[in-house]
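Written below as structure tokens is the structure these notes are about.
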Amino acid sequence: MKALVSNRRIATRLVNFVCGKSIGGQGGQVQDDVPIPTISPNEILVKVKAVALNPTDFKHLDVIAPPHSIIGCDYVGVVQQVGSAVSSVWTPGDRVAGAVHGGLFPDKGAFAEYLKVESDLAWKVPDGISDTDATTYGVSAVTAMLTLNVRHGLPFVQGDEAAALRDEEIFIYAGATSAGLFHIQIAKAAGYRVVTTASPRSFDLVKTYGATAVFDYSSATIAADVVKAYPNISKAVDCFSEGKSTSVCAEVLKNTGGTVVTLLPNGKSSVPGVAYELVMAYTVFGHPFQWLPPIGPKFEAKPADREALVRFYKVLPTITHILKPIPTIKQKEGFEGILDGLNKLRAGAVAGGKLVVHFPA
């Protein structure tokens with residue numbers, strides 16, 4: 581099969597990490613001789629129809645991924661083969677979507693003609709959801725579920741069951757990002773009022789997805805403005821986690837204390853009573869892993885995170901009217917579209933939606 585496979589040596593990856601940019605060309609190569617993955621009794625083999633692109637994909641290509649790893653996380657496709665232990669759950673031809681831990685393994689990764697996934701870590705796509713929209717419920721949606729339902733303890737979305745309204749706000753920094761839009765929806769579904777940040781051009785967008793109030797992230801007084809309007813916020817998620825964003829979140833929580841969940845490492849909080857907690861979405865796959873092996877940080881397996889993903893994807897087909905797909909931008913078809921899209925993400929040239937690439941039929 582064809583697949584986008586990493587090929588950077590450790591020295592190049594270290595230089596990219598230190599410089600904070602990609603050197604040595606595109607990185608990775610499209611190979612047409614990659615073995616189709618062999619599935620275990622508890623796995624399914626998926627023929628990939630479309631993929632969504634995330635910043636983590638080019639970061640794996642440039643820094644994290646060891647050579648010969650298949651890149652890509654978010655996918656939608658059709659079940660091609662079913663493991664012997666899960667034939668009562670899946671049938672060849674079923675529409676399926678989700679996320680895989682792309683970028684670390686030679687037989688996993690979404691940017692390929694076929695992928696394998698554990699049968700309970702994927703969801704069945706309803707007829708009313710297009711392939712394009714289905715790709716968006718990958719890393720961004722899973723991250724929102726993990727930060728809010730697991731780390732912050734918000735109740736899971738339960739079908740048509742309406743959550744009791746709470747007299748409480750939660751602060752989501754960067755609400756117009758892919759992760760931010762899913763955070764807003766999950767928090768609103770849990771009964772919270774959502775206070776968020778965005779650029780003025782995205783104010784209407786975040787309100788459409790459920791935000792109660794939105795503040796201009798570029799304002800020099802943003803933290804003070806939020807605290808003045810909402811002085812009792814004790815939960816925050818930083819969906820940007822770069823520059824001043826995490827310190828802004830900490831300042832928003834200064835009156836009550838609390839936890840800022842971040843999506844990238846950000847050291848320790850300087851605000852008394854406020855703690856930072858890093859969420860690494862890949863813990864939902866239930867196995868230990870290491871970034872930039874053999875010298876990078878190691879992450880332990882967290883079975884509870886995997887259980888949360890199983891729960892989330894099991895109910896997702898019944899709640900897509902509550903947890904709506906996010907805006908998308910279609911790219912060129914096939915691997916050319918993937919490589920072009922990754923370059924756009926590297927350059928910070930993507931706004932207004934998640935890049936989606938369809939494979940030729």
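If you read the sequence shown in the numbering used here, its first letter stands for residue 581, the second for the next number, and so on. Glycine included, every Cβ here is placed at the ideal spot set by N, Cα and C. Values in this document were obtained by computation on a predicted structure and should not be read as measured data.
Asked	Found
Presumed contact (8 Å Cβ cut-off) between A744 and G771, rounded CB distance	5 Å
DSSP beta-bridge partners of G678	Y655, A702
Straight-line gap, S699 to V669 (C-alpha atoms, nearest Å)	8 Å
Neighbourhood of S782 by C-beta, 6 Å cutoff - its chain only, sequence neighbours within 5 removed	A756
Delimiting residues of the beta strand (DSSP E) encompassing P776	Reading off the sequence shown, one finds Thr at residue 776, where the question assumed Pro. Note, T776: beta strand (DSSP E), 773-778.
Assigned exposure category for N812 - 16 Cβ within 10 Å defines buried	exposed
Status (buried if at least 16 other CB within 10 Å, exposed otherwise) for L858	exposed
Assigned secondary structure, D707 (DSSP; H/G/I helix, E/B strand, else coil)	coil
Given Y694 as reference, the closest of Y797, L625, V864, V841 once Cα atoms are compared	L625
First through last residue of the alpha helix (DSSP H) which encompasses Q911	No alpha helix (DSSP H) holds Q911; DSSP gives it neither H nor E.
Sheet register partners of A630 (DSSP bridge)	V656, H938
Candidates P646, Q609, V895, of which the one nearest P874 by Cα	P646
Unbroken alpha helix (DSSP H) run spanning E887, endpoints	883-895
Pick from L935, S814, F820, P883 that is closest to A855, judged by C-alpha positions	S814
Neighbourhood of T839 by C-beta, 6 Å cutoff - its chain only, sequence neighbours within 5 removed	A855, E857
Buried/exposed call for G760, threshold 16 Cβ in 10 Å	buried
Through-space distance from L633 to V930, alpha-carbon basis	11 Å
Range of the contiguous beta strand (DSSP E) that encloses Q609	609-611
Among H648, S825, P852, V890, the one whose alpha carbon lies nearest that of T863	V890
DSSP state of A809 mapped onto helix, strand, coil	helix
Endpoints, alpha helix (DSSP H) assigned at K787	783-788
Residues that DSSP places opposite T898 in a beta bridge	Bridge partners of T898: none, in fact.
Selection from D707, V774, A754 that minimises the alpha carbon distance to L734	V774
Distance between L935 and K704 (C-alpha atoms, nearest Å)	22 Å
Cut-off 6 Å between Cβ atoms - residues of its own chain near F736, not counting five sequence neighbours on either side	N729
C-alpha gap between Q765 and T776, whole angstroms	12 Å
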